[in-house]
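Residue numbers (full-length UniProt numbering), protein chains in the order written: chain A, 1 to 318; chain B, 1 to 318.
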């Protein structure tokens, strides 16, 4: 196998991988060390998360381009009010003061995750914080689905993309994690830059068809692979042509024929973000390699109910 | 205040305590160190759990009198089959081999908690294991609602009750936790024995009216306070007369008048086990002191939505 980390994202007969979305957003605050720790403690060892670069060049783990009022409190615990500052306009020292331990239940976004615990004093992690954790003994089976967020205002030009990718790759290399990381993005140009700068890491292509895009309270998923929305487009073929190793379609878009085509092309297929029982069951039936979910416990339980497991270790234990 | 630990279980204006039921049974395997760690990491620092004594006199943390097939796997990972052995007939060394990291989804009990994570290799803890954890620095604000399970086959006679209580009290005293523990039970005679042997710990009386008893897959809650089911019974009066400090009614039983009566009698009121949004909201409106729940994150979020907090620390932070 060309990239050793692909094994951890490869399904098989009765084996489908569980990938914790932003940790386990349904249970613990997203993109926090507390949430990652919970996910890992559940026996879910594949972490999806989002990276944005601060003004002073620090890759930080947060989803939106801006500090969003429904997620972020200031150091005194008050919800951010008014205009939402862009992460790329803020220094790490400032970001480190923010509290991202919970959701504002008055917001539409907050109401999407009514079981998410509410913590006081949870901070935005740096990418290097998460890398440092999983570089420790006991975490050697942990793999990263590292999504680089593509800010349309700042990543239009090649030099800006190169700078972000360089900073991200430096953090991953510094902790010796290149063989445990996928570079993951909606942004075809960013992934091409990743492959150029870090050919030792495979690329993972997110897609979402416009007709199914409906994630309330989140930044839009732009830009996508060129040609994706054309009538006769085959997303797995486009991903394979772009050099991707993994295709990550939105779960409402994907068909059995596309999964088969992706596998025929040598791609792994992970679907995002699958939270409801019936959708989980449908994805299991499709034979995807991995399921990205906000509720890893729920997916574990559906897998077991349908005679599946999520790691070889579990398969041995059963 | 007579017992310092009662402060941690006392509500107030805009303050209702969250008590993690068996840790956080809705999210993590019940009565496991992994589940307790999750609950504590959510900022829920009051733990409810169940203690049964092994044949060789070790208080262990598990709910049912017998090892239940829907919860327990053997050391090889196979679900227990056939007759369910009584915990009181098994030695600790045997119990320590069992795997209680998940629920069998084929069972009615397992289907009640579809989001509970499935772990491999989670063990039945001893009471002393949990006491050792919370005796450590950083856990000084953690308090225990220690339920002693009353096995009708083994605890009919006073000497058997005395032996169980002695073993439990010894573990709590050994780690210096008597000022952070409530002795909690449905069994009036057991609680009287607790008060006799360990007068430094307050007693907490569980009640459930027979007409509302409907917990599938669990041992029944017997025996209860004498007189509880008589037509004109006032449960809080019975608890107060029995020397209780806290009354813990089943949430479907309790009325606003009873909460007021309990408070007038100087009792704290915690309700069990409250998991659904509408029920949580109703309990908040009743002004109980504490809510015992399988979903601590959900209760945190409902409290915040209704302008409540669950600790003074949180109140300060808000």
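For every residue, glycine included, the Cβ atom is placed at its ideal position computed from N, Cα and C.
Here the structure is a predicted model, which is why all the values come from computation and not from measurement.
Straight-line Cα distance separating residue j from residue i
{"i": "residue 69/B", "j": "residue 106/B", "result": "11 Å"}
{"i": "residue 146/A", "j": "residue 296/B", "result": "30 Å"}
{"i": "residue 192/A", "j": "residue 136/A", "result": "30 Å"}
{"i": "residue 124/B", "j": "residue 95/B", "result": "7 Å"}
{"i": "residue 256/A", "j": "residue 163/A", "result": "38 Å"}
{"i": "residue 289/B", "j": "residue 150/B", "result": "25 Å"}
{"i": "residue 55/B", "j": "residue 117/B", "result": "30 Å"}
{"i": "residue 22/A", "j": "residue 230/B", "result": "53 Å"}
{"i": "residue 142/A", "j": "residue 280/B", "result": "37 Å"}
{"i": "residue 308/B", "j": "residue 169/A", "result": "44 Å"}
{"i": "residue 167/B", "j": "residue 72/B", "result": "24 Å"}
{"i": "residue 109/B", "j": "residue 65/B", "result": "16 Å"}
{"i": "residue 85/A", "j": "residue 152/A", "result": "15 Å"}
{"i": "residue 263/A", "j": "residue 310/A", "result": "19 Å"}
{"i": "residue 228/A", "j": "residue 186/A", "result": "11 Å"}
{"i": "residue 173/A", "j": "residue 195/A", "result": "14 Å"}
{"i": "residue 139/A", "j": "residue 9/A", "result": "16 Å"}
{"i": "residue 199/A", "j": "residue 63/A", "result": "25 Å"}
{"i": "residue 312/B", "j": "residue 42/B", "result": "15 Å"}
{"i": "residue 158/B", "j": "residue 273/B", "result": "29 Å"}
{"i": "residue 219/B", "j": "residue 75/B", "result": "24 Å"}
{"i": "residue 13/B", "j": "residue 210/A", "result": "48 Å"}
{"i": "residue 156/A", "j": "residue 57/A", "result": "17 Å"}
{"i": "residue 278/B", "j": "residue 11/B", "result": "20 Å"}
Residues near residue i by beta carbon distance below 8 Å, same chain, minus five either side
{"i": "residue 112/A", "result": "216, 217"}
{"i": "residue 261/B", "result": "234, 236, 237"}
{"i": "residue 202/B", "result": "2, 3, 5, 6, 182, 183, 244, 245, 246"}
{"i": "residue 275/B", "result": "26, 293, 294, 295, 298"}
{"i": "residue 225/A", "result": "188, 205, 207, 235, 238, 239, 242"}
{"i": "residue 49/B", "result": "22, 23, 31, 36, 61, 130, 144, 145, 146, 147"}
{"i": "residue 104/B", "result": "69, 70, 71, 79, 110"}
{"i": "residue 284/B", "result": "16, 291, 302, 303, 306, 308"}
{"i": "residue 77/B", "result": "99, 120"}
Sequence-distant residues of its chain with Cβ nearer than 7 Å to residue i (five each side left out)
{"i": "residue 119/B", "result": "29, 34, 101, 102"}
{"i": "residue 121/A", "result": "99, 101"}
{"i": "residue 317/A", "result": "With a pLDDT of only 49 at residue 317/A, under 50, the local geometry of the prediction cannot be trusted, and the value read off the model is given with reservation. Contacts found: none."}
{"i": "residue 67/A", "result": "80, 84, 85, 87, 98"}
{"i": "residue 115/B", "result": "26, 27"}
{"i": "residue 53/A", "result": "59, 88, 164, 167"}
Three-state secondary structure (DSSP) of residue i
{"i": "residue 114/A", "result": "coil"}
{"i": "residue 35/B", "result": "helix"}
{"i": "residue 120/B", "result": "coil"}
{"i": "residue 88/A", "result": "helix"}
{"i": "residue 53/B", "result": "strand"}
{"i": "residue 270/A", "result": "strand"}
{"i": "residue 128/B", "result": "helix"}
{"i": "residue 188/B", "result": "helix"}
{"i": "residue 103/B", "result": "coil"}
{"i": "residue 293/A", "result": "strand"}
{"i": "residue 330/A", "result": "Nothing about residue 330/A can be reported from this structure: the residues present for chain A run from 1 to 318 only."}
{"i": "residue 203/B", "result": "strand"}
{"i": "residue 321/B", "result": "Outside the displayed range of chain B (1 to 318) lies residue 321/B, so it cannot be described from this structure."}
{"i": "residue 22/B", "result": "coil"}
{"i": "residue 95/B", "result": "helix"}
{"i": "residue 159/B", "result": "helix"}
{"i": "residue 153/B", "result": "coil"}
{"i": "residue 228/A", "result": "coil"}
{"i": "residue 181/B", "result": "strand"}
{"i": "residue 15/A", "result": "strand"}
{"i": "residue 248/A", "result": "strand"}
Beta-carbon proximity list for residue i, same chain, < 6 Å, skipping 5 on both sides
{"i": "residue 171/A", "result": "59, 127, 128, 131"}
{"i": "residue 20/A", "result": "39, 44, 47, 296"}
{"i": "residue 252/B", "result": "212"}
{"i": "residue 205/B", "result": "239, 244, 247"}
{"i": "residue 154/B", "result": "88, 160"}
{"i": "residue 265/B", "result": "236, 240"}
Assumed close pair residue i, residue j - CB separation to whole angstroms, cut-off 8 Å
{"i": "residue 300/A", "j": "residue 18/A", "result": "6 Å"}
{"i": "residue 254/A", "j": "residue 287/A", "result": "Rounded, the Cβ-Cβ distance is 11 Å, inconsistent with contact."}
{"i": "residue 165/B", "j": "residue 190/B", "result": "7 Å"}
Subject >> the region 262-273 of chain B / the region 89-100 of chain A touching (three or more Cβ pairs under 8 Å) >> reply: no
Original post:
Do the region 72-84 of chain B and the region 174-187 of chain B make contact, defined as three or more Cβ pairs closer than 8 Å?
Top reply: no
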